Amino acid sequence: MKDLQKQTAKTPATVERTHAWPTFVPAVDIVEHKDAFELHADIPGADPGSINVNFEQGVLTIHAGRAVAAADADTIYAEFEPGEYERSFTVSDQIDAGKIAAHYRNGVLVLTLPKVEAAKPKKIAVTVN
Amino acid sequence: MAFTDLIPWKRGTQALAKSSPDNVFAALQREMNSLFDEFWRSWGALPATPRAAFSPSITVDESAKDYRVSAELPGLSEKDIKVELTGNTLMITGEKKEEREEKRGTTVYTERSYGAFARAVPLPGAVDRNKVKAQFKHGVLTVTLPKTAEAKAAHKQITVKAE
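Residue numbers (my numbering), protein chains in the order written: chain F, 393 to 521; chain S, 1184 to 1346.
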């Protein structure tokens, strides 16, 4: 169950890293609204200043670092450890990339991905003679 | 449990004798059920877990002065969390609810878990109950529990001398 909640990144593990701490894949929920998609990512402990949201060539990447453990204490029991969060998503043409908004609160990063005008559901009025 | 177990004057040897063949069959039935479940699961017909309930990850740090218990509680606010100290056990309870905004739309993909949780953390040493502090920041709860003077005195570093 713990593994489901927070997994160590698989793909970056094969990539050479220049630091010793692990990279985690944050758990994500995606909710569809009428005019936008909403992405909720759990990144507990992430410092707001360390959060980066990038959109490049159709790929949305979220990256965040978390505070390092206190130097004066020893960890005697651990179910989580300091590390970074990283995850990428391929975004379709349906999303208006210019209007992506991000909000961070209580350890959850919420991204709002508005749909382009053409992708929004439209009701077609039926005319009666 | 057999029905006679519920009647006080019928309990005893009779109930004991009766319960053992019952238990054999109950055990067999359980075994068969789990066998079938396992079979269907291997074909992907049944989900591996119903939907994992939320349970926060916990880390305990110890310094010379205190214990620090941290719990990852993303998406909760300080009002949803209850922290209690009973004896030498720290209890963290609460409930993670789906945010209202999320509910209004259609969930197309989900990995995060929700629900009520309770975690009990046994503390390795005595703490000063009146000076315990809890802080919630960026989805992480940190409870700082200062050690008592006796607990601090119990720890002594011995210097190693060379001859």
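Heads up, the beta-carbon is just placed ideally off N, CA and C, and yes, glycines get one too.
Computed from a predicted structure; not experimentally measured.
How is residue i classed by DSSP in three states: helix, strand or coil?
i, result
"S1203(S)", "Only weak support exists for where S1203(S) lies, its pLDDT of 49 falling under 50; the coordinates are left without a value."
"F1237(S)", "coil"
"P1307(S)", "coil"
"S1253(S)", "strand"
"A1334(S)", "helix"
"K1280(S)", "coil"
"A517(F)", "coil"
"L1259(S)", "coil"
"S484(F)", "coil"
"A489(F)", "helix"
"A465(F)", "coil"
"A511(F)", "helix"
Distance, Cα to Cα, residue i vs residue j?
i, j, result
"F416(F)", "E473(F)", "10 Å"
"E1294(S)", "D434(F)", "10 Å"
"D464(F)", "S1246(S)", "6 Å"
"S1260(S)", "G1322(S)", "8 Å"
"A438(F)", "S1238(S)", "19 Å"
"P513(F)", "K426(F)", "7 Å"
"R1287(S)", "D421(F)", "14 Å"
"K1308(S)", "A462(F)", "One point to set straight first is that residue 1308(S) is Gly, not Lys, in the sequence displayed. For G1308(S) and A462(F), the distance between alpha carbons rounds to 20 Å."
"L1328(S)", "V500(F)", "27 Å"
"L505(F)", "V483(F)", "9 Å"
"K1265(S)", "L1324(S)", "11 Å"
"A1337(S)", "T1331(S)", "10 Å"
"P436(F)", "S480(F)", "18 Å"
"V445(F)", "H432(F)", "13 Å"
"V1252(S)", "Q1318(S)", "11 Å"
"N1271(S)", "V1326(S)", "14 Å"
"P418(F)", "H495(F)", "16 Å"
"V1315(S)", "E1333(S)", "16 Å"
"T453(F)", "I443(F)", "11 Å"
"L1256(S)", "W413(F)", "21 Å"
"V1310(S)", "I1241(S)", "19 Å"
So which residues of chain S does residue i contact, with C-beta pairs closer than 7 Å?
i, result
"F472(F)", "S1240, T1242, E1255"
"D427(F)", "Those within 7 Å of D427(F) in chain S number zero; the least Cβ separation is about 10 Å."
"Y477(F)", "What Y477(F) touches in chain S: nothing, since even the nearest Cβ is about 11 Å away."
Where DSSP assigns a beta bridge to residue i, which residues make up the other side?
i, result
"Q1318(S)", "T1325(S)"
"T1289(S)", "E424(F)"
"R458(F)", "A438(F)"
"H432(F)", "D421(F), V502(F)"
"F477(F)", "According to the sequence as given, residue 477(F) is Tyr; it is not Phe. The partner list for Y477(F) (beta bridge, DSSP) reads F416(F), A456(F)."
"H495(F)", "V502(F)"
"R1302(S)", "I1275(S)"
"T1342(S)", "None; T1342(S) has no bridge partner."
"L1268(S)", "L1273(S)"
"F472(F)", "Paired residues: none, contrary to the question."
Could you tell me which chain S residues have their CB closer than 9 Å to the CB of residue i, listed as they occur along the chain?
i, result
"D466(F)", "D1244, E1245, S1246"
At the 8 Å Cβ level, is residue i part of the contact set with chain B, yes or no?
i, result
"G437(F)", "This model lacks chain B altogether, as its protein chains are F and S."
Determine the chain F residues that contact residue i at a beta-carbon separation under 9 Å, and present them in chain order.
i, result
"R1251(S)", "A462, A465"
What residues from chain F crowd round residue i, counting only those whose CB sits closer than 7 Å?
i, result
"L1268(S)", "Near L1268(S) there are no residues of chain F at all, since even the closest Cβ is about 17 Å away, more than 7 Å."
"T1293(S)", "D421"
Can you list the residues of chain F that residue i reaches, using a CB-CB cut of under 8 Å?
i, result
"G1258(S)", "H432, D434, N498, G499, V500"
Residues, ordered as in the chain, of the segment 408-425 of chain F that lie near chain S by beta-carbon distance below 7 Å: A419, V420, D421, I422, V423, E424, H425
Members of the segment 1304-1333 of chain S that neighbour chain F once the beta carbon cut-off is set at 9 Å: V1304, P1307, F1319, K1320, H1321, G1322, V1323
Positions along the segment 484-518 of chain F whose CB lies within less than 7 Å of some CB in chain S: N498, G499, V500
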